[in-house]
Structures are given as structure tokens and as C-alpha cells.
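Q:
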Ligand code: GDP
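Numbering (the numbering used here), first residue to last: 1 to 324.
#1: So what does DSSP say about residue 241, is it helix, strand or coil?
#2: Does the beta-carbon distance from residue 144 to residue 193 come in below 8 Å?
#3: Relative to the alpha-carbon of residue 209, which residue among 280, 200, 234 and 229 has its alpha-carbon at the smallest distance?
#4: Do you know offhand how far residue 280's Cα is from residue 258's?
#5: Under 7 Å from any heavy atom of the ligand GDP, does the C-beta of residue 195 make it?
#6: Please tell me whether residue 149 and residue 138 are closer than 8 Å, where the distance is taken between their beta carbons.
#7: Going straight from the alpha carbon of residue 200 to that of residue 74, what length do you get?
#8: Taking only the alpha-carbon atoms, compute the straight-line gap between residue 164 and residue 249 and give it to the nearest angstrom.
#9: Can you look up residue 184 in the DSSP assignment and give me helix, strand or coil?
#10: Any chance the CB of residue 28 is under 7 Å from a heavy atom of the ligand GDP?
#11: Of the choices 172, 290, 300 and 129, whose alpha-carbon is the least far from that of residue 24?
#12: Which same chain residues, not among the five before or five after residue 254, have their C-beta less than 8 Å away from its C-beta?
#13: I'd like the span of the beta strand (DSSP E) that includes residue 81, first residue to last.
#14: Tell me which same chain residues have a C-beta within less than 6 Å of the C-beta of residue 189, skipping the five on either side of it?
#15: Distance, Cα to Cα, residue 269 vs residue 48?
#16: For the ligand GDP, is there any heavy atom lying closer than 7 Å to the beta carbon of residue 202?
#17: What does the alpha-carbon distance come out to for the pair residue 43 and residue 261?
#18: Suppose the cutoff is 8 Å on Cβ atoms and the five residues either side in sequence are ignored; what does the same chain contact list for residue 103 look like?
#19: Would you say the beta carbon of residue 84 comes nearer than 7 Å to a heavy atom of the ligand GDP?
#20: Nearest-angstrom Cα distance between residue 195 and residue 136?
#21: If you count every other CB in all the chains shown that lies within 10 Å of the CB of residue 275, and 16 or more means buried, which is it?
#22: Residue 145 bridges to which residues according to DSSP?
#23: Quickly, what does DSSP pair residue 22 with across the bridge? List them, please.
#24: Does DSSP classify residue 43 as helix, strand or coil?
#25: Taking Cβ positions, are residue 10 and residue 147 nearer each other than 8 Å?
#26: Can you give me the Cβ contacts of residue 159 inside the same chain, cut-off strictly under 6 Å, excluding the 5 residues immediately before and after it?
#27: To the nearest whole angstrom, what separates the beta carbons of residue 295 and residue 317, a pair I think is in contact under 8 Å?
#28: If you draw a straight line from the alpha carbon of residue 224 to that of residue 2, how long is it in whole angstroms?
#29: Taking the beta strand (DSSP E) that residue 57 belongs to, which residues open and close that run?
#30: Under the three-state reduction of DSSP, which class applies to residue 176: helix, strand or coil?
#31: In chain order, what residues of the same chain lie with their CB nearer than 6 Å to the CB of residue 172, ignoring the 5 residues before and after it?
#32: For residue 60, count neighbouring Cβ atoms within 10 angstroms of its own Cβ and tell me buried if that reaches 16, exposed if not.
#33: Name the DSSP bridge partner or partners of residue 150?
#34: When the distance is taken between beta carbons, is residue 170 closer than 8 Å to residue 242?
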């Protein structure tokens, strides 16, 4: 595989090259990891897309929203990439987020690129590869990268760490109670978007929006937000209403963050987060070498026999690995 050629294709925005590049960064084969690192170093640096993280439980309308929102953006001449971080495929091999057949209008749009969720063995791996896929999309000149995930906790944190803004998509609630959305996820959201504000569901959607707007007002104002943010909007992904207003809110927020230094600061913090994550993963990988496994087994036996104290044996082990 010629990495220089591949990097050049990606830099020109060729979708085939981008797809091949993403396949490469998603691979866990050791030789592919080496090539992936070369590719990430060879692509143009410094191109920036707006990275939008999007979460919501199954059925709230994520695919429908992404399709309508994406079509609106491509209609304005923007190039849009869609990636998915799917924690379900990590556990069961099945995907909550579905497959390529979703969003078929957007998939046929020449200004859009849709990547189905990778099937991986653990979320940590999925996350790193998704972040690298985002980097490839930016290098390919996409203006907007939408990173979709499902509302189950850990995957939101991971997606928020690779996004400039984070959207939480909700469906109209039945009553006036908040929909069991975990506080942590609410605190991550820059924009709460209540979907399905159409037909019979419209009044419920308006109420849900008001409930969440109230809850957001009660939360501590974050330094990275201008007045009025985080905020809640209503949309109908099906009838394509409210999408422009949602986009305007995102643009206003990101513009403010750029002008006030938070955009750069967040990206810098995120780079540090991924660096530390990579260090942890590299250290964990050290445990899998034959040398480490043998030492672990040997010291483990000694501890089990009562010949060594667990903490002392652990220190001994770490020293044997050559890490002080
Ligand atoms: P996902 O699981 O979050 O990706 O949700 P989907 O996009 O697959 O949508 C789930 C269901 O909600 C589908 O039957 C959609 O047609 C429906 N849906 C999505 N958006 C809207 C909307 O704006 N209004 C209404 N009434 N239904 C919607």
C-alpha cells in the first residue's frame, strides 16, 4: 500500500481514498497500525472541520435528523461527513446504529460521506480509531463532521472528547418529567434538540423543550458558553423544520468560542486527553507481551502461596517491565 498516494488522494478529497484510509486506521493489525501512523503524519495538517457530536437513544430520530440536517448543509455547499461510534458492536457484534442502508438520500449526495460504524472489540479501540477517522475527514476537506453515538453513557464521553460541539437529541416526552437523561450527559450537551415537533406530537415537543430549557438554566453556567447556552430547540427531522435555527445556534456558539479562545483551548485539551489515552493503551498492551505474561504468572503464584505481599510483588513486576 502506497501511503503517500493514499495521503494525496485524501488531501484531494477523494472519497475512495478516504474510505480506504479509514479502513486502515480501523484495522487492529500491527502492520496496519504502523501504516496508519504514517498516513496520519502524511495527511495535510491544520484543516479544520466543525466536529459535531450527536447522541440520543434508539428511536429518537438520529438517522432521520442527520439525513435532513446533512442535506440542508450540503444544500448550502458544505461538505459533510458522518461517522458513528457504536458501543453495541463492541459487546455483541450487532449494531444499534444500523448499517449503510440508513440515510440513503444523504449517502447519494456527492457532498456527503457516510461511514457505517466500525465493529471492534472494545470501546477504547473504537474511540481511538473514530478520532483518527475524524482527522482523515478533516484532511479530506470536509466542512462538517457529524459523529453519532447512542445514549448509553460511556460512548458519549468518548464522542464529546472528539467534538467541538455536542448535541443531545430527544423525542417528545409523555409527561413533564425529564426523560431519565443522566445529568452527566446533560452537562455535556451544548444543544438539546427535541425532535418530532410535528403533527400530534408538537405540543408535547414544545413542553419537553421548555422542561429541558428550565433544567439547563438551573445548571451552572460554563465559562466556554456565551449567555443563553447551553440551550434547547425543537425540530422536525421528518418535515425538515427547525433545522436552520439549530444550525444558526451551533454557528453562534462556535463563533463565540473561537473569538474567546475556547475553541483552541478545547482542541488542545482534547489532544492531551487522546495522548494520555494512547499512553494508557500502550501500557496496557505491555501486559500482553510473553515476557509480561510469564512474570505475571510467576509473581501471581508467589502471591497466592503467601510468599510475596501483593503490593510488593506488583512493584517488582512493574520494575521487571522496565517501567519505574
Ligand atoms: P434513530 O434510531 O435515533 O436513528 O431513529 P430513526 O431516525 O431511525 O427514527 C426512528 C423513528 O422515528 C422512525 O420511524 C422515524 O420515521 C421517526 N422519526 C424520525 N424523525 C421524526 C420526526 O421529526 N417526526 C416524526 N413524527 N417522526 C420522526
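Where is the CB? At the ideal position from N, CA and C, for every residue including glycine.
Computed from a predicted structure; not experimentally measured.
A: Let me spell this out:
#1: Working through the chain shown from its first residue, we reach residue 241 at position 241. It is a strand residue.
#2: In the chain shown, the residue the question calls residue 144 occupies position 144. In the chain shown, the residue the question calls residue 193 occupies position 193. No; because the gap between Cβ atoms is not below 8 Å, this pair is not in contact.
#3: Counting from 1 along the chain shown, the entry for residue 209 is found at position 209. With distances taken between Cα atoms, residue 209 lies closest to 234.
#4: Position 280 of the chain shown holds residue 280. Position 258 of the chain shown holds residue 258. If you take the alpha carbons of residue 280 and residue 258, they lie about 31 Å apart.
#5: Within the chain shown, numbered from 1, the residue matching residue 195 stands at position 195. True, at least one ligand heavy atom lies under 7 Å from that Cβ.
#6: By one-based count along the chain shown, residue 149 stands at place 149. By one-based count along the chain shown, residue 138 stands at place 138. No, they are not a contact pair.
#7: Reading the chain shown from its first residue, position 200 is the one you call residue 200. Reading the chain shown from its first residue, position 74 is the one you call residue 74. Their Cα atoms are separated by approximately 30 Å.
#8: Taking the chain shown and counting its residues from 1, one reaches residue 164 at position 164. Taking the chain shown and counting its residues from 1, one reaches residue 249 at position 249. Using only the alpha carbons, I get a separation of about 14 Å.
#9: As a first step, residue 184 must be located in the chain shown, where it is residue number 184. In this structure, residue 184 counts as helix in the three-state DSSP scheme.
#10: Residue 28 sits at position 28 when you count from the first residue of the chain shown. False, no ligand heavy atom lies under 7 Å from that Cβ.
#11: For the purposes of this step, residue 24 is taken as the residue at position 24 of the chain shown. Of 172, 290, 300 and 129, the residue nearest in Cα terms is 129.
#12: As a position in the chain shown, residue 254 is number 254, starting the count at 1. Here the set comprises 50, 164, 165 and 263.
#13: By one-based count along the chain shown, residue 81 stands at place 81. Start and end: 80-85.
#14: In the chain shown, the residue the question calls residue 189 occupies position 189. Answer for residue 189: 166, 168 and 230, listed in chain order.
#15: For the purposes of this step, residue 269 is taken as residue 269 along the chain shown, with counting starting at 1. For the purposes of this step, residue 48 is taken as residue 48 along the chain shown, with counting starting at 1. Rounded to whole angstroms, residue 269 to residue 48 spans 16 Å at the Cα level.
#16: On the chain shown, position 202 is the one that residue 202 refers to. Residue 202 Cβ: outside cutoff for every heavy atom of the ligand GDP.
#17: Locating residue 43 in the chain shown gives position 43, where the first residue counts as 1. Locating residue 261 in the chain shown gives position 261, where the first residue counts as 1. Taking the straight line from one Cα to the other gives about 26 Å.
#18: Within the chain shown, residue 103 is the residue found at index 103, counting from 1. Answer for residue 103: 63, 66, 67, 70, 82 and 114, listed in chain order.
#19: On the chain shown, residue 84 is found 84 positions in, with the first residue counted as 1. Not under cutoff, so the answer is no.
#20: Mapped onto the chain shown, residue 195 falls at position 195. Mapped onto the chain shown, residue 136 falls at position 136. Looking at the two C-alpha atoms, the distance is approximately 30 Å.
#21: Taking the chain shown and counting its residues from 1, one reaches residue 275 at position 275. The residue is exposed, with fewer than 16 neighbouring Cβ atoms inside 10 Å.
#22: Residue 145 sits at position 145 when you count from the first residue of the chain shown. BP columns for residue 145 point to 51 and 81.
#23: On the chain shown, residue 22 is found 22 positions in, with the first residue counted as 1. None, per the DSSP bridge assignment.
#24: On the chain shown, position 43 is the one that residue 43 refers to. Correct three-state label for residue 43: coil.
#25: For the purposes of this step, residue 10 is identified with residue 10 of the chain shown, where counting begins at 1. For the purposes of this step, residue 147 is identified with residue 147 of the chain shown, where counting begins at 1. Against a cut-off of 8 Å, the Cβ pair of residue 147 and residue 10 comes out as no contact.
#26: In the chain shown, the residue the question calls residue 159 occupies position 159. Answer for residue 159: 53, 85, 147 and 149, listed in chain order.
#27: Here residue 295 corresponds to residue number 295 of the chain shown, with the count starting at 1. Here residue 317 corresponds to residue number 317 of the chain shown, with the count starting at 1. So it is a contact: roughly 6 Å between Cβ atoms.
#28: Here the question's residue 224 lines up with position 224 in the chain shown. Here the question's residue 2 lines up with position 2 in the chain shown. Answer to the nearest angstrom: the Cα atoms are 42 Å apart.
#29: Against the chain shown, residue 57 aligns to sequence position 57. That residue, residue 57, is in no beta strand (DSSP E); it is neither H nor E in DSSP.
#30: Within the chain shown, the letter at position 176 stands for residue 176. With a pLDDT of only 48 at residue 176, under 50, the local geometry of the prediction cannot be trusted, and the value read off the model is given with reservation. Residue 176: coil per DSSP, three-state reduction.
#31: The residue labelled residue 172 in the question sits at position 172 within the chain shown. Excluding sequence neighbours, residue 172 sits near 196, 201, 204, 205 and 208.
#32: Within the chain shown, numbered from 1, the residue matching residue 60 stands at position 60. Per the 10 Å Cβ criterion, buried.
#33: Position 150 of the chain shown, counting from 1, holds the residue named residue 150. Note: residue 150 sits in a beta bridge opposite 56.
#34: As a first step, residue 242 is located in the chain shown; it is residue number 242 there, counting from the start. As a first step, residue 170 is located in the chain shown; it is residue number 170 there, counting from the start. It is not a contact, given that the beta carbons lie outside the stated cut-off.
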